[in-house]
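Undergrad: My numbering applies: residue 26 is where the sequence shown begins, and numbers increase by one. Just so it is clear, CB atoms sit at the ideal spot from N, CA and C, and this is done for glycine as well. All values reported here derive from a predicted model rather than from experimental measurement.
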Amino acid sequence: MTKVLMKGNEAIGAAAIAAGCKYFFGYPITPQSELPEYMSRELPKVGGVFLQPESEVAAINMVYGASGAGARVMTSSSSPGISLKQEGISYIAAAELPCLICNIMRGGPGLGGIQPSQTDYFQATRGGGNGDYRLLAFAPANIQEMVDLIIEGFDLADIYRNPVMICGDGMLGQMMEPVEFTNHTKRELPEKTWATTGTQGKRKPNIINSLYLEASILEDHNKHLIEKYNKIKENEVRVETVGLEDAQLVFSAYGTTSRIVKSAMTILQEEGYKVGLIRPITIWPYPYDAFKKINEKCKDILVVEMNTGQMTDDVKIAVEGRQKVHFHGRQGGMIPSPEEIAQVARELLGGK
C-alpha cells in the first residue's frame, strides 16, 4: 500500500479504526489532543461513536461499559489524565475487559508541561491503580511501529481479555512520518460469550463484576489473573537487540529515546567503540531474558530515559549483578542529545 505522511496522534486514530474500533471516549489534553479531534471527525464515517465526556473519570467508565457490551473501544490521554483513569483501569483489569488505552506522556509530576517525557514508566508497568493487576504495555519507537502495535494490541486485548496500553510521548504524538496500513495477520479471536449483549431468552444473564466479598473467592480470582499474566509473559515479550555478542558497553532505552541512543551509537562506532542496545518494545512484560545474551566481557550497561531512571530497576533485576548499571536521563521535557549520550558512554569506556 502507498505510504501516507501522518502526524503521530492522527496515525493512532487511523490505526484504531483500521483495527475495527468503533467507540472512543476521551477528553482533550496536550500533547494528544489531535487524537480525539481525529476520532470525532472520522469515527462517524464508519458508523462509530465519539463522545467527549465531562472528565477522564467518566471516559474510562464509559470504556468499561462499552467493552462489557463486547465492543472494540479505546481511550487516550496524557499523563495526569491517565492518572485520573487509574481507578477505572483497575476495575477493567479486574473485570477482564479488553480495551486499548493510549498515553502520550508529558513531563511531570503534577500537571508538569506538554513537552515529551517518559515519566509514566512506573505507572504503566507497576499498575497505577489498586490491587494486583497488569497491563500489557507497549513502547513504540516510531509512528509505523505504533500503528502496528495498536492494530495488534486490539487483538491481544481480546485474546487475553485484558487492557492494553500504548506508551508514547509528546515527540511521537506530534512528529510526522510516513506510515502504511498493511494487511496485518488476522488472528483467530475468541467469541465474546461473556459480553452483556442481552440473553434473548436463550441463556442466563452475563454478569461483569470486580467485587468479591468472600475472601476465598477473591483469592481464586486473583490466582486466575496471575495465570493469565504468566501466559502473557510467556508469549508476548517484544524486544530489539543490537550487537550484544561483542559490545564493550550496552545501552538500554525504549520509545523515542532509543532512536536518539542509536544516533549516539553511530557516533561511538565511528570512533571504534563496540556498543550494543537492548530496546524493550514491551515494557510489561519486560524482556529480562534479553540481558542474558550480553557477552561476558561487557561490564557496563547505560540506561537512557527521559525521566529520573525508572527503568533502571528492571535492568538491575535482569542483569542479576553481572554488569554495573548506570543511568543518564533528562527530565521536565528536556530531550537528551546523541552527543551527550555518547560522551557519557566514552567516560564509562575510559575515553575522554
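#1: Looking at the unbroken alpha helix (DSSP H) that takes in D245, where does it start and where does it end?
#2: Since G38 is in the alpha helix (DSSP H), which residue starts that stretch and which ends it?
#3: Helix, strand or coil for T150? Go by DSSP, reduced to three states.
#4: Rank D271, G154, Q57, S362 by C-alpha distance to the C-alpha of R131 and give the top, closest one.
#5: Name the two residues that bound the continuous beta strand (DSSP E) containing D325.
#6: What number of angstroms, rounded off, separates the C-alpha of Q77 from the C-alpha of L274?
#7: Evaluate the contact criterion for the segment 58-76 versus the segment 30-47: three or more CB pairs, one atom per stretch, below 8 Å.
#8: Taking the alpha carbon of Y48 as the point to measure from, which residue in A36, T55, T100, E81 has its own alpha carbon closest?
#9: Is S92 closer than 8 Å to N128 when the C-beta atoms are compared?
#10: As a quick exercise: from V329, G375, D338, I342, pick the residue whose alpha carbon is nearest that of K317.
#11: From the DSSP output, which residues share a beta bridge with T100?
#12: Rounded to whole angstroms, what's the CA-CA distance from R97 to T291? Just pull it up for me.
#13: Tell me which same chain residues have a C-beta within less than 7 Å of the C-beta of S235, skipping the five on either side of it?
#14: Could you check what DSSP says for T281 in three-state terms: helix, strand or coil?
#15: Compute the Euclidean distance between the alpha carbons of F352 and I251, then round it to the nearest angstrom.
#16: Can you grab the Cα-Cα spacing for the pair M359 / W219, in whole Å?
#17: Have a look at P230, I42, I303, E79 and flag the residue whose alpha-carbon is nearest the alpha-carbon of P53.
TA: According to the structure data:
#1: 240-260
#2: 33-43
#3: helix
#4: Q57
#5: 325-330
#6: 48 Å
#7: yes
#8: T100
#9: no
#10: I342
#11: I126
#12: 42 Å
#13: Y116, A119, A120
#14: helix
#15: 32 Å
#16: 46 Å
#17: E79
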